[in-house]
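Here is the structure we will look at.
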Amino acid sequence: IQKDPAFAAGFDVYTDLGHALRKQGKVKEAIAAYQTAIQHHAEPQSGAYEALSEILKQQGRMKKAEAVLRKRPILDPEGGI
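Counted the way the working numbering counts, the sequence shown spans residues 123 to 203.
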């Protein structure tokens with residue numbers, strides 16, 4: 123992961139880390155993990171975009187939450203981006 127963070131993003135490592143941290147109540151760390159996943163091109167179905175948006179909404183940061191979802195790549199019907 124340290125040598126190639128993009129590799130980890132491809133396997134949802136940062137998204138999964140964000141989910142685990144969020145369950146532990148470590149919201150700040152979860153946000154950072156989701157942001158890292160997105161920065162390294164998380165897959166649209168990974169949940170990183172939705173989870174980060176949800177946390178931001180809970181914090182009352184609605185515009186930022188909406189901006190995160192607008193950045194999410196959309197899958198085409200054939201399964202590609």
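Glycine included, each C-beta is placed from N, C-alpha and C at the ideal position.
- DSSP places glycine 140 inside the alpha helix (DSSP H), whose first and last residues are 135-145.
- The residues Ile177, in chain order, have a CB closer than 7 Å to that of valine 149 in the same chain once the five nearest residues on each side in sequence are set aside.
- Short of 6 Å from the beta carbon of leucine 174, and not among the five residues preceding or following it, lie these beta carbons of its own chain, in chain order: Tyr156, Val190.
- A Cβ-Cβ separation of about 23 Å leaves glycine 182 out of contact with alanine 159 under the 8 Å criterion.
- Counting only the Cα atoms, lysine 145 lies some 11 Å from glutamate 151.
- Bounds of the alpha helix (DSSP H) holding isoleucine 160 are 149-161.
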